[in-house]
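S.K.: Take a look at this one; I'll ask things after.
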Amino acid sequence: MSVRVKTAAERALRQGHPWVFAESIVKQSHLGSAGDLAVIYDRDKNNFLAVGLYDPLSPIRVKVLQARQPRKINRQFFIDKLAAAQEQRNPLISQGTTGYRLVYGESDGFPALVIDCYGETLVLKLYSTAWIVHLQELVAALQEALEFDSLVLRLSRALQSDRLNVASLFGLRDGQQLIGEASGSVQFVENGLLFAADVQRGHKTGFFFDQRENRQRVRELAEGRRVLDVFSYTGGFSVYALAGGARSVTAVDASQPALDDLQRNVTLNGFERTRVDVLQGDAFAGLRGLIEARRKFGLVVVDPPAFANRRANLGNAVLAYRRLVELALQVLAEDGILVMSSCSSRIGPDRFQQLVTRAATVAGHDLDVFDSSTHGLDHPVGFPEAAYLKALFCRLSS
Ligand code: SAH
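Just so you know, we're using this note's numbering here: the sequence shown kicks off at 3 and counts up by one.
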């Protein structure tokens, strides 16, 4: 189908922005269905601007695959993009890492899709129905471009909803094995440490690769400290803290299966389980309990889920972050280190830092932010909306 868009949208496409919103479309050749290739021409000279996936169910109506220079969208196109993405990640492999994000959506040329690599297993997660008609071609491209034994399909929450009927219309379900034998739990290495992840049922695709560099920093800071890992999930930070010589680790998470996996990850690396305490339950309540018990920690990591990925949640998210800082400071030893992380895309790095330091001031503490970080190389930020992660490493100033 061919599409014409408003001037501002034309400009954004020329600058490489990968989204065309429904309200920017002024003309389209026909109604179009999910996954149709939409070619966008400029209204002035009819020149090619971009080609993308038409997505009638999303406000991001065209998701750009290729801009500026026309290219045929076929298996070879996907192969080239996959090879480029793999090449960019190769430095990680030489650092003793076999688990990483291989494709991070738009920033790697695959809008609304991620591919995570867990050793010999790839996990493909779709966030749009527009990919479904291209799935076969994409899988064929994966087989040609990369080496792997097993491929698992994950579907975003929206794609799993009954309203979309993806299961009955296309026979696809979340956790489905597309290639190879299902094993449920897969093992991989991150910075030389061993982890197992449930790629069929775990959060996202099974593990949060985006925190790899921050976990490494925590490893370097953990020596001799009692560590508190709040929102621990399967213990990424906990295992690194143990590897860095932490005296003990206390992990808090709402999910019991995640905490079971955490304990398995601790044993996988040969650490004694007695160094680790797990508290299942709400993190806010867990922190209050630790405060009442007058517990103190030399390193506190707080890595909550995204409280604000929609503007409507912003107010509550800010309150939740403030509250977490306030609680975390009450369990922090005097010479302790606080690591505050946020994956809320609506709160940028500057705003997050301001929010955290102000919350500390209100609680009567001055925080010295001695280090901060954003995205690692397997989560490239190709356009502003791709940025979500930031972490602050803080000490109490005397
Ligand atoms: N730090 C982890 C990733 C955290 S993901 C890592 O490095 O791998 C966020 C986690 O928060 C999930 O495991 C989820 O189960 C947990 N969670 C969400 N809401 C919670 C709450 N209110 N209390 C405790 N845990 C919660």
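Glycine residues also receive a C-beta, built at the ideal position from the N, C-alpha and C atoms.
The beta strand (DSSP E) that contains tyrosine 437, what's its start and end?
M.R.: Absent from the model: residue 437. The displayed extent of the chain is 3 to 400, so no value can be given.
S.K.: From serine 31 to aspartate 38, what does the alpha carbon distance come to, in whole angstroms?
M.R.: About 12 angstroms.
S.K.: Please determine whether the Cβ atom of serine 234 lies at a distance below 7 angstroms from any heavy atom of ligand 1.
M.R.: Yes, the Cβ of serine 234 comes within 7 angstroms of a heavy atom of ligand 1.
S.K.: Could you check which residue in Glu328, Arg353, Thr376 has the C-alpha nearest to that of histidine 367?
M.R.: The shortest C-alpha separation from histidine 367 is found at Glu328.
S.K.: Considering isoleucine 27, what are the terminal residues of the alpha helix (DSSP H) in which it resides?
M.R.: Where isoleucine 27 is concerned, there is no enclosing alpha helix (DSSP H), although the beta strand (DSSP E) it sits in stretches over 27 to 30.
S.K.: Assuming alanine 24 contacts proline 61 under a Cβ cut-off of 8 angstroms, what Cβ separation, rounded to an integer in Å, is found between them?
M.R.: Correct: roughly 5 angstroms between the Cβ atoms.
S.K.: Give the secondary structure of isoleucine 117 by DSSP, where H, G and I count as helix, E and B as strand, and everything else as coil.
M.R.: Strand.
S.K.: Is valine 254 near ligand 1, going by C-beta to nearest heavy atom under 7 angstroms?
M.R.: Correct: valine 254 has its Cβ closer than 7 angstroms to ligand 1.
S.K.: Let me check you understand the geometry: is the CB of glutamine 189 closer than 7 angstroms to at least one non-hydrogen atom of ligand 1?
M.R.: No.
S.K.: Since aspartate 82 is in the beta strand (DSSP E), which residue starts that stretch and which ends it?
M.R.: Segment 77 to 96 is the alpha helix (DSSP H) holding aspartate 82; no beta strand (DSSP E) there.
S.K.: Please identify the residue among Gly182, Lys206, Ile293 whose C-alpha is closest to the C-alpha of aspartate 176.
M.R.: Comparing Cα positions, the closest option is Lys206.
S.K.: For arginine 217, collect the residues of the same chain with a Cβ closer than 7 angstroms to its Cβ; drop the 5 residues on either side in sequence, then sort them by chain order.
M.R.: Taken in chain order, the residues that qualify are Gly238, Phe239, Tyr242.
S.K.: Hey, valine 53 and isoleucine 75 are a contact pair by Cβ (cut 8 angstroms); roughly how many whole angstroms apart?
M.R.: Right, their Cβ atoms sit about 6 angstroms apart.
S.K.: To which residues of the same chain is leucine 153 closer than 6 angstroms at the C-beta, ignoring the five residues directly before and after it?
M.R.: Within the same chain, leucine 153 has close Cβ partners Leu124, Leu180, Ile181.
S.K.: How about phenylalanine 395 and arginine 219: do their beta carbons lie closer than 8 angstroms?
M.R.: Against a cut-off of 8 angstroms, the Cβ pair of arginine 219 and phenylalanine 395 comes out as a contact.
S.K.: Apart from the five residues on each side of it in sequence, which residues of its chain come closer than 8 angstroms, Cβ to Cβ, to glutamine 339?
M.R.: According to the sequence provided, residue 339 is isoleucine. The question's glutamine does not apply to it. Contacts found: Leu223, Arg227, Gly300, Leu301, Val302, Phe395, Cys396, Arg397.
S.K.: What residue ranges within the stretch 115 to 178 form continuous alpha helix (DSSP H) runs of no fewer than 4 residues, ordered along the chain?
M.R.: Entirely contained in the stretch 115 to 178, the alpha helix (DSSP H) runs reaching 4 residues are, in chain order, 137 to 147, 159 to 162, 168 to 172.
S.K.: Looking at C-beta atoms only, is the number of pairs between the stretch 260 to 280 and the stretch 289 to 298 that lie closer than 8 angstroms three or more?
M.R.: With the cut-off at 8 angstroms, the stretch 260 to 280 and the stretch 289 to 298 do not touch.
S.K.: Please classify aspartate 46: is it buried, with 16 or more other beta-carbons within 10 angstroms of its beta-carbon, or exposed?
M.R.: So aspartate 46 counts as exposed.
S.K.: With DSSP as the reference, label glutamine 71 as helix, strand or coil.
M.R.: Coil at glutamine 71, not helix or strand.
S.K.: According to DSSP, simplified to helix, strand and coil, what is glutamine 189?
M.R.: Strand at glutamine 189.
S.K.: Comparing C-alpha positions only, which one of Phe190, Asn48, Ala330 sits nearest to lysine 29?
M.R.: Ranking the options by Cα distance to lysine 29, first place goes to Asn48.
S.K.: Give the DSSP-derived three-state secondary structure of glutamine 356 in the structure shown.
M.R.: Looking at glutamine 356 - three-state DSSP - the assignment turns out to be helix.
S.K.: Quick one: does the C-beta of phenylalanine 432 sit closer than 7 angstroms to a heavy atom of ligand 1?
M.R.: Here the chain covers residues 3 to 400 and nothing more, so residue 432 does not appear.
S.K.: Starting from the C-beta of arginine 297, find all residues in its chain whose C-beta is less than 7 angstroms away, skip the five residues before and the five after it, and write them out in chain order.
M.R.: Closer than 7 angstroms at Cβ, skipping near neighbours: Val333.
S.K.: Could you please give the first and the last residue of the uninterrupted alpha helix (DSSP H) stretch that includes valine 241?
M.R.: That run of the alpha helix (DSSP H) goes 238 to 245.
S.K.: For histidine 205, verify whether its CB is less than 7 angstroms away from any heavy atom of ligand 1.
M.R.: Correct: histidine 205 has its Cβ closer than 7 angstroms to ligand 1.
S.K.: Once the 5 residues before and after phenylalanine 233 are set aside, which same chain residues still bring their CB inside 8 angstroms of it?
M.R.: Hits under 8 angstroms: Val254, Asp255, Ala285, Val304, Asp305, Pro306, Pro307.
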